[in-house]
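The block underneath contains the structure these notes are about, expressed in structure tokens.
Protein chains in written order, with my numbering: chain Y, 2 to 513; chain H, 2 to 513.
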């Protein structure tokens with residue numbers, strides 16, 4: 002989108018020079034599935050859950066604390082509002098949700114990297130939110146803005162990652178009330194992939210919209226979705242006024258929000274899958290209906306961040322079969338609402354990027370693909386239950402995301418794929434390595450890792466007997482060494498710098 | 002099955018004493034899926050592949066070298082036999098396959114551990130065949146009989162493993178022509194789970210049948226399937242006389258065989274998924290048809306061991322999307338033949354039980370469950386492309402197999418699962434940890450690992466900051482320390498000992 006912004010601001014020669022000298026790194030197009038979704042809930046079970054969710058909304062209701070504007074909107078829409086409690090008559094929430102679009106196109110400043118969220122698509126975005134980072138060299142430590150920038154660069158360089166994400170780690174060395182400015186600035190200037198806005202205060206959501214106005218042009222932002230931001234529901238059934246304030250800013254400005262319960266099953270939802278799905282549906286119905294009260298047609302994504310709990314320790318657990326069931330089921334519920342769906346990710350509870358981390362992550366990534374997820378936040382880099390963004394795991398997971406792309410292609414059945422000529426040519430007891438069909442097809446036939454080791458034992462031993470983490474350290478370092486900043490109109494860059502400086506000067510630092 | 006064997010031989014008091022003192026270790030019942038299969042091939046694609054497979058059999062044919070008996074059977078059945086090449090008229094192979102049973106019950110000497118192979122079942126068996134073993138303490142080394150016995154003990158102690166397997170590693174310190182005797186003796190005496198027979202010579206298959214006659218009673222073996230053995234096809238389209246000889250022994254004795262192409266895609270089959278599926282179907286049709294020529298009704302399992310290749314190095318690769326496509330597709334083809342299906346496993350190409358090993362393994366285990374596999378060989382312990390049986394990975398994978406059991410349960414939707422009372426009791430802003438529904442359900446609600454670490458970072462650090470491999474070493478050592486041999490009638494044990502001694506004395510040692 003640099004094109005229209007450049008015209009608007011009259012940037013010219015410098016931008017063209019920057020574009021000529023910048024290296025372009027390949028990024029795969031977002032996934033468009035050519036495989037079916039995996040569905041575990043029967044029609045009868047879906048109807049029971051939908052009926053129960055409406056019962057929850059009607060009988061129990063949801064809370065919108067400290068938010069008289071929201072309560073007024075609900076009252077006008079026909080809900081029963083008493084204090085902060087909103088009880089929604091059966092069918093009303095679903096009816097309100099019907100104005101939400103089924104598909105969202107999020108525009109990137111590099112238009113080749115626009116993403117479509119909805120239908121058969123799957124968009125992959127990195128880890129979001131951890132206060133700590135880890136790498137093999139430095140161990141576990143509080144995240145800084147320098148770490149944040151490294152993650153944005155790695156995301157830009159990662160072929161299978163379509164989205165730059167949002168809070169790839171919390172830059173704890175920047176004041177809480179100002180770090181959103183630096184984070185957005187980093188996504189806008191160090192990458193050209195789509196990104197997320199701030200949700201920690203409504204004013205920070207507005208800053209995000211204003212910075213996008215600089216990057217894309219103000220009118221363009223009103224007409225196009227250029228951010229997808231994460232609005233968590235405070236489960237069970239509570240809609241925090243700060244998050245709802247940010248949602249309001251984004252909805253009013255035509256920007257997309259993921260409206261997502263954050264549930265550790267057994268603590269914030271019932272200890273059963275069907276009960277959790279009922280609550281997830283009730284909460285997302287209420288939240289999405291609210292977004293449509295704010296602005297009918299506002300782009301939203303139905304989210305489900307759901308995991309299970311270790312009942313002995315109280316720790317959340319990841320990559321579990323119960324999380325898979327919920328993810329499959331919530332996908333079916335989202336499709337019946339005709340809404341884009343967010344779930345799954347590189348979830349795991351391990352402290353290290355080891356086998357536990359990988360088992361749990363693969364379980365979640367695979368179920369995410371098969372459950373019809375359209376937007377996968379946390380698709381790479383998550384460690385230790387979301388407390389840590391891991392550099393090595395970021396590149397390890399980002400490599401595995403390639404398997405999802407190839408799985409989603411499905412099975413080709415044209416004449417070339419049938420390969421009857423090859424079978425005839427080779428015959429019993431022969432081998433295919435040299436046959437014409439193999440020579441013509443081998444380059445594209447199989448997914449190939451850019452990270453994992455397939456070498457013979459002896460070669461691998463001679464090269465230092467490296468485990469996956471060690472291979473990832475080397476790859477991460479190479480990616481950062483190879484990184485080249487994507488071109489950006491210097492006038493836009495200067496305007497972004499000025500905006501950040503001005504907003505930072507406007508209030509004192511706060512670290513709480 | 003000790004019961005009838007004991008009666009047959011008149012064993013008595015000693016057996017009962019042994020049964021009283023032996024500890025019984027819990028083993029989960031084999032999986033019965035309450036979830037659908039994942040199907041990627043359309044009806045049209047399935048019909049094309051089936052048509053092409055028949056074209057392969059009719060036009061190109063398959064080789065049965067050095068096997069005049071097999072060629073005679075084929076000729077009598079109406080095939081066109083020229084030299085060792087057998088061309089099978091369209092439709093004949095499938096017609097012959099129709100006498101194979103759709104479901105096999107393999108009896109264990111502990112009848113609680115009988116397994117059903119077919120329909121919606123999934124039976125999990127350990128790694129098969131590696132000449133090397135690895136553990137953290139000793140590194141990578143040639144496998145010995147002592148290693149073999151440790152793996153059988155670990156399999157016996159593994160809750161989620163239904164089957165003791167076969168060649169869990171190659172005991173390279175025992176002569177090649179005698180090791181099958183020691184391996185079978187170990188499975189029969191150190192475990193009470195079902196097991197596999199020898200296939201490396203027809204005479205060793207006969208030894209396997211004879212030893213089962215001692216363990217179960219001779220008549221019982223003729224009337225019941227007590228072994229499932231692995232018959233590999235020498236792809237492309239070649240049926241080795243040694244393997245076919247072993248198959249003949251088993252088929253004649255009512256014992257089950259997995260008839261399985263062993264394919265590295267791009268080398269032993271075309272570099273495309275549809276082409277590979279065509280060859281897999283042609284080969285298994287021919288092999289299973291042959292088993293039914295030997296004995297109509299002989300129990301067989303349609304196998305597909307298929308992986309892809311790294312075209313740069315020629316190394317096989319595992320847990321790849323192409324392997325997943327083939328596994329899903331072959332499952333559909335097997336179900337259309339109404340035959341039990343074997344595929345997937347703890348496949349990976351890593352040298353260490355690290356993140357690469359776990360990513361690739363999880364990819365394969367999950368696709369195995371969803372593709373409708375009925376018998377999963379190599380379900381735990383596989384490392385380094387099948388060259389190594391890993392002690393740590395055995396217990397790591399065996400723990401993950403629990404996730405497949407819970408996934409397969411599907412989603413309950415009864416009143417308790419709906420949990421509406423819990424949602425009413427807790428309400429907006431509450432928490433579920435203490436509510437009645439949680440207290441009544443938490444023990445059974447979530448799968449729980451017996452291995453992985455969910456502890457807070459500080460606790461984990463204080464306990465030594467162990468990675469998954471270190472946790473697995475500790476668990477493996479505890480399992481071996483806790484191991485207690487299952488009771489066996491001493492008369493049977495003596496008869497097995499005597500059989501092995503007699504057969505070993507009958508010929509000189511051979512190590513080739």
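We put the beta carbon where it would ideally sit given N, CA and C, even for glycine.
Predicted, not measured: the structure shown is a model, and the values here were computed from it.
With distances taken between CA atoms, residue 129/Y lies nearest to 153/Y out of 153/Y, 479/Y and 460/Y.
Inclusion of residue 229/H and residue 197/H in the CB contact set at 8 Å is warranted, their separation being smaller than that value. In the assembly as shown, residue 444/Y is an exposed residue. Its beta-carbon has fewer than 16 other beta-carbons within 10 Å. In the DSSP assignment, residue 203/H falls within the unbroken alpha helix (DSSP H) covering 203-217.
Annotation: residue 386/Y to residue 469/H spans about 16 Å, alpha carbon to alpha carbon. Annotation: residue 308/H is outside any alpha helix (DSSP H); the continuous beta strand (DSSP E) that includes it extends over 306-310. For residue 503/Y, the closest alpha carbon among the candidates 78/Y, 142/Y and 212/Y is that of 212/Y. In the DSSP annotation of this structure, the continuous segment of the beta strand (DSSP E) that includes residue 258/H starts and ends at 257-265. Inter-residue distance for residue 331/H and residue 281/H is about 8 Å (C-alpha atoms, whole angstroms).
In the structure shown, residue 107/H falls within a strand segment according to DSSP collapsed to helix, strand and coil. The CB of residue 461/Y comes closer than 8 Å to the CB of 352 in chain H, given here in chain order. DSSP places residue 119/Y inside the beta strand (DSSP E), whose first and last residues are 116-119. For residue 476/Y, DSSP records no beta bridge to any residue. Put simply, the CB of residue 456/H is near chain Y, with a gap under 8 Å to one of its CB atoms. Below 8 Å, enough C-beta pairs join the segment 265-275 of chain H and the segment 429-447 of chain Y to call them touching: three or more. For residue 363/H, a Cβ of chain Y is located within less than 8 Å of the residue's own Cβ. Measuring C-alpha to C-alpha distances from residue 251/Y to each of 57/Y, 291/Y and 237/Y identifies 291/Y as the nearest. The segment 125-144 of chain Y makes contact with the segment 377-394 of chain Y, as at least three CB pairs between them are under 8 Å. Around the beta carbon of residue 321/Y, 16 or more other beta carbons lie within 10 angstroms, which makes this residue buried.
Residues of the segment 182-199 of chain H whose Cβ lies closer than 9 Å to any Cβ of chain Y: none.
For the pair residue 188/H and residue 170/H, the Cα-to-Cα distance works out to about 12 Å. A straight line joining the alpha-carbon of residue 327/Y with that of residue 415/Y spans about 36 Å.
The DSSP-derived three-state label of residue 343/Y is strand. CA-CA distance, residue 345/H to residue 233/Y, rounds to 38 Å. Distance from the CA atom of residue 227/Y to the CA atom of residue 215/Y, rounded to whole angstroms, is 12 Å.
Remark: C-beta atoms of residue 289/Y and residue 341/Y do not approach each other more closely than 8 Å.
Beta bridge pairing from DSSP links residue 33/Y with 122/Y. DSSP, read as helix, strand or coil, puts residue 241/Y in coil. Under a criterion of Cβ atoms nearer than 7 Å, the residues of chain Y adjacent to residue 330/H are, in order, 412. Listed as beta-bridge partners of residue 302/H by DSSP are 259/H. Contact annotation: in the segment 56-67 of chain H, residues whose CB is within less than 9 Å of a CB in chain Y are 56, 57, 60, 61, 62, 63, 64 and 66. Under the Cβ criterion (8 Å, minimum of three pairs), the segment 456-474 of chain H counts as touching the segment 347-357 of chain Y.
With a threshold of 16 other beta carbon atoms within 10 Å, residue 143/Y falls short and is exposed. Closest by C-alpha distance to residue 31/Y, out of 168/Y, 161/Y and 109/Y, is 161/Y. Of the residues assessed, residue 107/Y falls on the buried side of the cut-off, its CB having 16 or more other CB atoms within 10 angstroms.
For residue 55/Y, the enclosing alpha helix (DSSP H) covers residues 44-56.
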